[in-house]
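Below is one structure; the comments refer to it alone.
2 protein chains.
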Amino acid sequence: MSKYLSEKFNNLEPYVPGEQPQDRRYVKLNTNESPFPPSPKVIEATSVSEISIQNLYSDPTAKRLVESIAKYYTNYVKERGVDFEFTKDNVIVSNGSDEVLAFIFNAYTDKDKGMACPEIGYGFYPVFCSSLNVPFVSVKINEDFSLDLAKFKGIRENICIANPNAQTGLYITVSDIKTLLSENKERLIIIDEAYCDFGGESAAVLIKDYPNLIVVSTLSKSRQLAGARIGFALASKEIIQDLNTLKYSFNPYNLNRLSIIAGSVAMEDVEYFNKTREVIIKNREYLKGALTALGFKVTNSKSNFILASTPKMGGKELYLALKERGVLVRFLSDELLKDWVRITIGSMEQLNTLINTIKEVLGE
Amino acid sequence: MSKYLSEKFNNLEPYVPGEQPQDRRYVKLNTNESPFPPSPKVIEATSVSEISIQNLYSDPTAKRLVESIAKYYTNYVKERGVDFEFTKDNVIVSNGSDEVLAFIFNAYTDKDKGMACPEIGYGFYPVFCSSLNVPFVSVKINEDFSLDLAKFKGIRENICIANPNAQTGLYITVSDIKTLLSENKERLIIIDEAYCDFGGESAAVLIKDYPNLIVVSTLSKSRQLAGARIGFALASKEIIQDLNTLKYSFNPYNLNRLSIIAGSVAMEDVEYFNKTREVIIKNREYLKGALTALGFKVTNSKSNFILASTPKMGGKELYLALKERGVLVRFLSDELLKDWVRITIGSMEQLNTLINTIKEVLGE
Numbered sequence: 275m276s277k278y279l280s281e282k283f284n285n286l287e288p289y290v291p292g293e294q295p296q297d298r299r300y301v302k303l304n305t306n307e308s309p310f311p312p313s314p315k316v317i318e319a320t321s322v323s324e325i326s327i328q329n330l331y332s333d334p335t336a337k338r339l340v341e342s343i344a345k346y347y348t349n350y351v352k353e354r355g356v357d358f359e360f361t362k363d364n365v366i367v368s369n370g371s372d373e374v375l376a377f378i379f380n381a382y383t384d385k386d387k388g389m390a391c392p393e394i395g396y397g398f399y400p401v402f403c404s405s406l407n408v409p410f411v412s413v414k415i416n417e418d419f420s421l422d423l424a425k426f427k428g429i430r431e432n433i434c435i436a437n438p439n440a441q442t443g444l445y446i447t448v449s450d451i452k453t454l455l456s457e458n459k460e461r462l463i464i465i466d467e468a469y470c471d472f473g474g475e476s477a478a479v480l481i482k483d484y485p486n487l488i489v490v491s492t493l494s495k496s497r498q499l500a501g502a503r504i505g506f507a508l509a510s511k512e513i514i515q516d517l518n519t520l521k522y523s524f525n526p527y528n529l530n531r532l533s534i535i536a537g538s539v540a541m542e543d544v545e546y547f548n549k550t551r552e553v554i555i556k557n558r559e560y561l562k563g564a565l566t567a568l569g570f571k572v573t574n575s576k577s578n579f580i581l582a583s584t585p586k587m588g589g590k591e592l593y594l595a596l597k598e599r600g601v602l603v604r605f606l607s608d609e610l611l612k613d614w615v616r617i618t619i620g621s622m623e624q625l626n627t628l629i630n631t632i633k634e635v636l637g638e
Numbered sequence: 275m276s277k278y279l280s281e282k283f284n285n286l287e288p289y290v291p292g293e294q295p296q297d298r299r300y301v302k303l304n305t306n307e308s309p310f311p312p313s314p315k316v317i318e319a320t321s322v323s324e325i326s327i328q329n330l331y332s333d334p335t336a337k338r339l340v341e342s343i344a345k346y347y348t349n350y351v352k353e354r355g356v357d358f359e360f361t362k363d364n365v366i367v368s369n370g371s372d373e374v375l376a377f378i379f380n381a382y383t384d385k386d387k388g389m390a391c392p393e394i395g396y397g398f399y400p401v402f403c404s405s406l407n408v409p410f411v412s413v414k415i416n417e418d419f420s421l422d423l424a425k426f427k428g429i430r431e432n433i434c435i436a437n438p439n440a441q442t443g444l445y446i447t448v449s450d451i452k453t454l455l456s457e458n459k460e461r462l463i464i465i466d467e468a469y470c471d472f473g474g475e476s477a478a479v480l481i482k483d484y485p486n487l488i489v490v491s492t493l494s495k496s497r498q499l500a501g502a503r504i505g506f507a508l509a510s511k512e513i514i515q516d517l518n519t520l521k522y523s524f525n526p527y528n529l530n531r532l533s534i535i536a537g538s539v540a541m542e543d544v545e546y547f548n549k550t551r552e553v554i555i556k557n558r559e560y561l562k563g564a565l566t567a568l569g570f571k572v573t574n575s576k577s578n579f580i581l582a583s584t585p586k587m588g589g590k591e592l593y594l595a596l597k598e599r600g601v602l603v604r605f606l607s608d609e610l611l612k613d614w615v616r617i618t619i620g621s622m623e624q625l626n627t628l629i630n631t632i633k634e635v636l637g638e
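From first to last, the protein sequence lines are chains U and P.
FYI, the numbering for the first sequence is 275 to 638, going by the numbering used here.
FYI, the numbering for the second sequence is 275 to 638, going by the numbering used here.
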């Protein structure tokens, strides 16, 4: 720390991303990446002619990507009987969903009014609050990790919920979110759907009727583009206007040329998206079965990971034993999760390696 | 604006980027892009195999790019007789230099101590201050647009100077910067060198001896990668630590996979870098001559643009007349610059089109 750093950051504890070790090759099941490459159409669209014009700035409005996202969600809600047309005024894109979350936390909090989140969620939420010097209000969850939405009553903060939960994979229904929105019209409800495409329903169906809703998502998980850094938010025109004001005050050209193209093509290749996420869902259920057979408890995850716990050892011990054998899973530092590890749903080959390694570790 | 937006943003006026019109093709000389494509080695390195692993997160430390930048500047300062080894501890990379500037403004200002900048500079500096609710201290420049560094005496703020100046192209010497650093050891001096590679000398030679210096730069101009969004800062280990604390509290994976590769290869292809910037410098001197012959005043720019003014019409009028004829230059809204337009140094073909169009407009 330099002597010049503003005192406001004296107590800032940055987020610690999942390990990206370079020392050896691991079966890497720790950061919820997709085991599939990007859509072949994405690879084709990232052509030499596009690569060759990177001397030119990217479109600060990222029009092409914004329109592809709007089109996808218009179809999505129409298929579910909601007559709403998403336009560019309902979408903002960002350099990973972390960036748009940072804009949201900044836009809608101040020192008197922070953000309320379930005590277990995405580990970045308290960091955003800390970096903005605003209160983080941690809301207790049930012992089985499920949310008790009644606990949000009487809190004056806006609310941010990862759905499915970023650590447990548990999911609250759109109908529950609707109740939360109806009961809290003066508060914003942010639903972070990074993991929603693996069995959940998107709260995008509620944007039409609830101006107090923001849906956040990413192309990192279900669209195979973690390395291209693309996130987005859906909301009312007024909210998107707020967030664009922040974007144009921090980083107008926040998406690069190739990510705009890749993201747009990935959003439009619904066939590849469906095919790959179906495999992930199938593999997840396979892993749940295999680990249960080995005496594990596993969460009923609707995500591309599961949380798993064995009575035979603590989470950290299991994580270290697997790492030593070349399989990387994630141990989450929260005290509530000390018995658990979070395992990304990889390919069948990766999962079988994991299962065999676990058997070895447990001495079965 | 939504009713939820925090009051702290009531008066925020976002930055307005240069036009990126989609309606027709222009000879585009308004946003200081390079007329050259990225290095052939960059194009080669952005291979299908790299594109195909975008399902994996990028390296949050961007090691490969950070090391290439450190290596470039180690050679740079050694060639100038300064024995200093830049390491990963002296470099941070960002999603365009706007992002690292935002980190710097955030890290080193608060409500009691803002940032002091010359009244004409990069238009984003006052916006950063406004978005952070910290004072922007505007320091008067001379009538010929040159800086009077004595005017920074007695100001308690940290100082941020674009060198060359982002609007006038004028340049202050490393020896002047050294004096500023020596006289202000308790204040940080930020030198934004976005345009430094076209005839200026980098203040990187002073990093070794001045822990109160931050040098900011970008790969957007002299390395043909505006569309890949890559910026960086050089400073002491302590300062880089501060900035990493902020990065890991906002957006740890702030650079995408392909930009890390492109940036690294571009930094290492010194031959292409030198060849292209020499052409820009030659073309700049050609344009200065041609416009002077047409009765224009032009600034003594050390950048990849010049500021030009004709007694025959105002800046806005000239900008509009050129735009109507398919040539885009930049009219800068500052009252001090109302007689001027900023013209990017393009290819000879673009410049000759510009010159002929100007002749047409002036009726010569």
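We put the beta carbon where it would ideally sit given N, CA and C, even for glycine.
Values in this document were obtained by computation on a predicted structure and should not be read as measured data.
Straight-line gap, residue i to residue j (C-alpha atoms, nearest Å)
| i | j | result |
| --- | --- | --- |
| residue 352 of chain U | residue 396 of chain U | 30 Å |
| residue 575 of chain P | residue 577 of chain U | 55 Å |
| residue 308 of chain U | residue 330 of chain P | 7 Å |
| residue 586 of chain U | residue 566 of chain U | 13 Å |
| residue 376 of chain P | residue 386 of chain U | 24 Å |
| residue 370 of chain P | residue 568 of chain U | 49 Å |
| residue 422 of chain U | residue 416 of chain U | 7 Å |
| residue 613 of chain U | residue 490 of chain U | 30 Å |
| residue 516 of chain P | residue 275 of chain U | 5 Å |
| residue 382 of chain P | residue 630 of chain U | 52 Å |
| residue 454 of chain U | residue 464 of chain U | 11 Å |
| residue 277 of chain U | residue 461 of chain P | 10 Å |
| residue 304 of chain U | residue 616 of chain U | 7 Å |
| residue 344 of chain P | residue 404 of chain U | 31 Å |
Partner residues on chain U for residue i, Cβ-Cβ distance less than 7 Å
| i | result |
| --- | --- |
| residue 331 of chain P | 294, 305, 307, 500 and 501 |
| residue 369 of chain P | 369, 525 and 528 |
| residue 325 of chain P | 317 and 320 |
| residue 275 of chain P | 512, 515 and 516 |
Any C-beta of chain U under 7 Å from that of residue i
| i | result |
| --- | --- |
| residue 384 of chain P | yes |
| residue 336 of chain P | no |
| residue 546 of chain P | no |
| residue 299 of chain P | no |
| residue 531 of chain P | yes |
Same chain, Cβ closer than 6 Å to residue i, five either side skipped, listed in chain order
| i | result |
| --- | --- |
| residue 553 of chain U | none |
| residue 313 of chain P | 540, 543 and 546 |
| residue 510 of chain P | 485 |
| residue 558 of chain P | 619 |
| residue 342 of chain U | 538, 541 and 542 |
Cutoff 7 Å: residue i Cβ touching any chain P Cβ
| i | result |
| --- | --- |
| residue 282 of chain U | yes |
| residue 496 of chain U | no |
| residue 409 of chain U | no |
| residue 491 of chain U | no |
| residue 627 of chain U | no |
| residue 401 of chain U | yes |
| residue 519 of chain U | yes |
| residue 381 of chain U | yes |
| residue 286 of chain U | yes |
Any non-hydrogen atom of the ligand NAP closer than 6 Å to residue i Cβ
| i | result |
| --- | --- |
| residue 303 of chain P | No copy of the ligand NAP occurs in the structure displayed, which carries no ligand at all. |
Where residue i meets chain U, residues with beta-carbon distance less than 8 Å
| i | result |
| --- | --- |
| residue 712 of chain P | In this structure chain P extends from 275 to 638, so residue 712 of chain P is not present and cannot be described. |
8 Å CB neighbourhood of residue i in its chain, flanking five on each side removed
| i | result |
| --- | --- |
| residue 346 of chain P | 541, 542 and 544 |
| residue 406 of chain P | 379, 380 and 383 |
Contact set for residue i: own chain, Cβ-Cβ below 7 Å, skip 5 residues either direction
| i | result |
| --- | --- |
| residue 420 of chain U | 444 |
Contacts that residue i makes with chain U (C-beta to C-beta distance below 9 Å)
| i | result |
| --- | --- |
| residue 372 of chain P | 524, 525, 526, 527 and 528 |
| residue 361 of chain P | Simply none; closest approach about 17 Å. |
Beta-carbon neighbours of residue i, restricted to chain P and to distances below 7 Å
| i | result |
| --- | --- |
| residue 322 of chain U | 317 |
| residue 289 of chain U | 522, 523 and 526 |
| residue 607 of chain U | Under the 7 Å cutoff, chain P gives no residues; its nearest Cβ is about 15 Å from residue 607 of chain U. |
| residue 583 of chain U | Neighbours of residue 583 of chain U on chain P: none; closest Cβ ~25 Å, over 7 Å. |
Closer than 9 Å at the beta carbon, the chain P residues around residue i
| i | result |
| --- | --- |
| residue 389 of chain U | Neighbours of residue 389 of chain U on chain P: none; closest Cβ ~12 Å, over 9 Å. |
Contact list for residue i against chain P, beta-carbon separation under 8 Å
| i | result |
| --- | --- |
| residue 462 of chain U | 278 |
- Query: Counting pairs of Cβ atoms below 8 Å between the region 445-458 of chain P and the region 475-493 of chain P, do you hit three or more?
  - Reply: yes
- Any 3 or more C-beta pairs closer than 8 Å across the region 429-443 of chain U and the region 467-474 of chain U: yes
- Query: Are there three or more Cβ pairs, one per stretch, closer than 8 Å when the region 516-526 of chain U is compared with the region 277-292 of chain P?
  - Reply: Three or more Cβ pairs drawn from the region 516-526 of chain U and the region 277-292 of chain P lie within less than 8 Å of each other, which places the two stretches in contact.
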